[in-house]
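Take a look at the structure below.
Protein chains: 2
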Amino acid sequence: MTSTNHPLDLLVRNLELRARLSQEDRDAILALPYTLRTLDHLTYTIREGDPPRECAVLVSGFAYRQKTTQDGARQIIALHLPGDALDFQNMYLKVSDHSVQMLTRGEVAIIAREELQELAQARPAIGHAILIKTLVEASIFREWVLNVGRRKARERMAHVLCELGSRMDALGLTQEHGYELPMTQEELADALGLTPVHVNRTLKLLEAEGLIMRTRRSIRFPDWERIREAADFNERYLHLDLQVPSSS
Amino acid sequence: MTSTNHPLDLLVRNLELRARLSQEDRDAILALPYTLRTLDHLTYTIREGDPPRECAVLVSGFAYRQKTTQDGARQIIALHLPGDALDFQNMYLKVSDHSVQMLTRGEVAIIAREELQELAQARPAIGHAILIKTLVEASIFREWVLNVGRRKARERMAHVLCELGSRMDALGLTQEHGYELPMTQEELADALGLTPVHVNRTLKLLEAEGLIMRTRRSIRFPDWERIREAADFNERYLHLDLQVPSSS
DNA sequence: CGTAGTGTTGAGTCAAGTCAATGGTTGTGG
DNA sequence: CCACAACCATTGACTTGACTCAACACTACG
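Protein chains in written order, with the numbering used here: chain A, 52 to 299; chain B, 52 to 299.
Structure representation (structure tokens):
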């Protein structure tokens, strides 16, 4: 199922969605030494408390960021799609403050932290692109604080479904406003700050309202505008366009 | 009340807590052109939807980041202390995805976005320091997702009180584990994803448990270890030490 | 000394959680 | 190919943490 392309191709395309790269920049990224590895569901890429030594780039499959409280409650902080670098948030810090784990089985390209840091320093455009990516990730964290802090279960659920839809769409992973949702209801609960039981009820509610259609793990939106509104979803925070400041 | 020092001194010291700067770096920051301005409570530094043109550095007073839902519910995403740059999160993006507002009256040094960006590019150590600061801010966002998503009101409240205590302590703004809490209960509620009424009850509960002492807006912790435990507070996520990777 | 903004308290309601049982799917090994 | 096991989804009955509404008290400042 691996494409015939270079595994880091997705990363390059992902960075280029947000920042400009020259041909040399692209080539330099593709020239990075890496190890390709297939990871199972639940495999950790990094654990809270560990010093980051490498940066994993998701080639296929999905992953998430996660923190837990003392008494074991888990909160999923972010979801990651193919092409995402999983460790930009960690690799410049001494100790990781959260864990990253595979949401599905998938492939990962592992790059040594120093290699990536040197490249970012040697090629400012790449360093800039990485900065932009981390800033956009931070923006998503902020939206999640709002989502979990101030929206009710129905809107909250609709909101993550919209976010995933938009982000998958930007990567061309959707089929007519529908996609495979690679999460169990328990995982959804941990992303939303709810219980699995309530997630189930909320999904059924959205379904009864005609806002979503479900078959097993696949989600479709019969009317994007309607769910967008129900979710209070505004994709501005995803910063999906090229981040070249309007110079004036 | 302005110190006789350079207004950007606090920023330099703040950056140096996390990254190494040379004397030339320090001087270069202090040589930045800026405008000093006194802002009242609730004045916006930047509004969601606006293009960032400048970066405000907090010289005195407090500020916060904020987003609101369609129906007007507000969530405070982060709190800022003197020395914090309020717009690192925005200034490399085309449009701001959230607002920043003064929590108290205070002074702000305003620097043009391009000036700061050019400096960051010309002096890699400064660029690196800015990157580290944004990464630490992102770490705090993540902890807030966990706090709001998975902790009950009592722990949640205790947790922000601890965070503020720790951060103020790092700046030398506390007196024996106590500090002036510059927020109304309504603002606290918006930071915690609760209602003002419940904030009031939760504060009284913590007080009754002997975990905090209050007089008007001032907070003291009779027993830091006890509240730390009650809050499930681990300051790792604040990355309070110098972020030089353990090379091995 | 009056007024506006905060803080405090009580009573009643509701969204979401808990507990517990039942049903469905998928994958695996006999 | 079937049967079982493990995991996941669904549902109902009940509980609870947090919200709402509403009144009242305090404090600071003009």
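Beta carbons: idealized from backbone N, C-alpha and C, even for Gly. Given the structure is predicted, the values throughout are model-derived calculations rather than measurements.
- At a Cβ-Cβ threshold of 9 angstroms, B:L62 and B:E158 do not count as neighbours.
- A direct Cα-Cα distance of roughly 50 angstroms separates A:A259 from B:W275.
- 9 angstroms or more divides the Cβ of B:V295 from the Cβ of A:F192.
- Annotated three-state conformation of A:R265 is strand, per DSSP.
- Secondary structure at B:Q152: strand, using DSSP grouped into helix, strand and coil.
- For the segment 129-143 of chain B, the set of residues with a beta-carbon nearer than 9 angstroms to any beta-carbon of chain A comprises A129, F139, Q140, N141, M142 and Y143, in chain order.
- Going by C-alpha positions, B:R69 is about 24 angstroms away from B:P84.
- Close partners of A:I80 in chain B (Cβ separation under 9 angstroms) are lacking, with about 18 angstroms as the shortest Cβ gap.
- Between A:R268 and A:L224, the C-beta spacing is not below 9 angstroms.
- Listed as beta-bridge partners of A:H179 by DSSP are no residues whatsoever.
- Under the 8 angstroms Cβ criterion, the segment 206-218 of chain B counts as touching the segment 230-247 of chain B, having at least three qualifying pairs.
- In the displayed model, A:A82 falls within coil according to three-state DSSP, outside both helix and strand.
- With respect to B:Q152, B:Q117 sits close: the two C-beta atoms are nearer than 9 angstroms.
- Listed along chain A are Q140, T185, E188, A189 and F192, each with a C-beta nearer than 8 angstroms to that of B:A189.
- A buried status is given to B:P133, since no fewer than 16 other beta-carbon atoms sit within 10 Å of its beta-carbon.
- Around the beta carbon of A:H92, a 10 Å sphere encloses fewer than 16 other beta carbons of the protein chains shown; the residue is thus reported as exposed.
- Below the 8 angstroms Cβ cutoff, chain A contributes no neighbours of B:Q152, its closest Cβ being approximately 14 angstroms away.
- Within the segment 252-284 of chain B, those residues whose Cβ lies closer than 9 angstroms to any Cβ of chain A are, in chain order, E280 and D283.
- In chain B, no part has a C-beta under 8 angstroms from the C-beta of A:V250; the shortest such distance is about 13 angstroms.
- Pairing A:L293 with A:H179, the inter-Cα distance amounts to about 12 angstroms.
- Nearest C-alpha to A:G200 among B:R125, B:A160 and B:S150: B:R125.
- Considering only beta carbons, the part of the segment 75-107 of chain A lying closer than 7 angstroms to chain B consists of P102, in chain order.
- Burial check for A:D76: the Cβ neighbour count within 10 Å reaches 16 or more, so the residue is buried.
- Cβ-Cβ distances below 8 angstroms link B:R202 to H210 and D283 in the same chain, with the five nearest sequence neighbours on each side left out; the list follows chain order.
- Secondary structure remark: continuous alpha helix (DSSP H) runs of at least 4 residues inside the segment 178-228 of chain B, in chain order: 204-222.
- DSSP places A:R77 within a helical segment (H, G or I) once states are collapsed to three.
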